[in-house]
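According to the working numbering, numbering within the sequence shown proceeds without interruption in unit steps and concludes at 331.
In this text, a Cβ means the ideal position worked out from N, Cα and C, and glycines have one as well.
This report refers to the structure that appears directly beneath it.
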Amino acid sequence: MTGAAAAAPPPIRVFHSPRYFADIGQHVMPMRKFALVREAIERSGLPARIEAPEPVSDEDLLRVHTPEYLRAIATGEPRALAESQKFPWSPELAGAVRYTNGGCIAATFAALEDGIAGNLASGFHHAHAARGEGFCTFNGLVVALERARAEGRIRRGLVVDMDLHYGNGTASLLASRPWAFGLSIYGNWYKQNKAYRDVDGERAPDTENSWSVPVPNGSGGGEYLDLLARHLGPAIDRAEPDVILYQAGADPYREDPYSPLDLTHDDLRARDELVFRTAQGRGIPIVWVLAGGYTPDVSRVVEVHLNTFVAAVRAREAQALRG
């Protein structure tokens with residue numbers, strides 16, 4: 009622009025509700041982190057508008073999950089199925105997962121309108137059609153894509169999964185959805201509801217619309233970012249998505265008890281910047297979700313997630329300057 013400064017972009021819409029929380033007792037998954045990330049964003053002074061979503065409906069869930077599984081989560085019976093995601097079942101949990109998945113839908117619609125948005129909960133990438141796995145009840149990533157497609161807002165979508173663990177649930181659901189695509193770049197293999205630190209011995213086969221990129225044990229920021237840079241662009245080219253859902257995992261961090269990778273906060277921030285910059289540069293709306301993060305000092309996990317928000321703000325500002 010000439011003669012005047014470019015107008016500042018509007019605040020980024022970020023979705024959160026106190027109802028995302030369920031008391032699951034002493035657990036490796038820190039449920040309280042959702043609220044802690046919200047508080048960190050609010051303290052940052054950066055432009056954000058926190059909004060509360062509506063809970064996901066049965067109609068939306070049934071596009072992805074079986075009626076039997078929905079009944080188990082709603083009622084707690086059969087208990088093995090209701091707790092297949094490794095959380096103790098309770099009515100509070102059954103309600104919380106409705107709100108976190110509603111947030112994924114709301115953030116996807118906000119990104120389609122604004123170019124970028126976030127949900128302060130996971131995408132729940134281990135959840136399958138008929139069961140949960142790995143702290144994931146309903147697969148919010150695929151639920152959101154299905155809702156957007158049902159309303160005619162998208163034709164095609166891409167999940168970019170940078171959680172430490174392979175997104176096996178998402179891959180299983182994409183197998184019957186040729187219009188949706190997934191790129192999973194991971195440092196832990198995930199199979200039969202268990203994580204394995206060694207990705208050298210086994211990896212997922214690529215399919216027409218789901219691509220698996222294991223990160224070798226001990227990799228640092230250089231190797232990690234190189235893998236992302238080499239695979240992100242081609243994945244976008246093949247998917248031709250109308251929206252990108254970005255699973256921004258905190259668990260690749262070097263202090264995470266599950267992580268065999270040597271990644272710092274700066275490395276993970278650079279990862280986020282690359283993903284957002286690529287999406288914004290190509291004019292593709294992007295929504296990010298939190299994922300993973302089991303470092304005993306939860307403030308270290310919150311720092312990763314706050315940095316993702318900061319990267320989103322910076323990408324939005326850079327895009328506004330380019331006009």
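query	result
Alpha helix (DSSP H) segment containing I113, residue limits	P99 to D122
Distance, G230 Cα to E76 Cα	45 angstroms
Local conformation of G228 per DSSP, three classes	strand
Cβ separation of R27 and A104, assumed to be a contact under 8 angstroms, to the nearest whole Å	6 angstroms
Bridge-paired residues (DSSP) for S218	G190
Bridge partner(s) assigned by DSSP for A256	L298
Neighbourhood of G11 by C-beta distance below 6 angstroms, restricted to the same chain and skipping five residues each side	A caution first: G11 carries a pLDDT of 42, below 50, which makes its placement in the model unreliable, though a value can still be read off. Excluding positions up to five away in sequence, the list is empty.
Check whether R324 and I58 have beta carbons under 8 angstroms apart	no
Span of the alpha helix (DSSP H), counted from its first residue to its last, around Y28	It is not in any alpha helix (DSSP H) - Y28 carries neither H nor E in the DSSP assignment.
C-beta contact flag for L235 and L282 at 8 angstroms	no
Residues bridged to V22 [DSSP beta-bridge criterion]	I58 and G126
Y198: first and last residue of the uninterrupted beta strand (DSSP E) it sits in	W197 to K199
Buried or exposed (CB count within 10 angstroms, at least 16 for buried), G160	exposed
Proximity to A183 [Cα-Cα], best of D214, S65 and A156	D214
Best match in A256, L89, V221 and N225 for proximity to A243 [C-alpha to C-alpha]	V221
K202 - partner residues in DSSP beta bridges	K199
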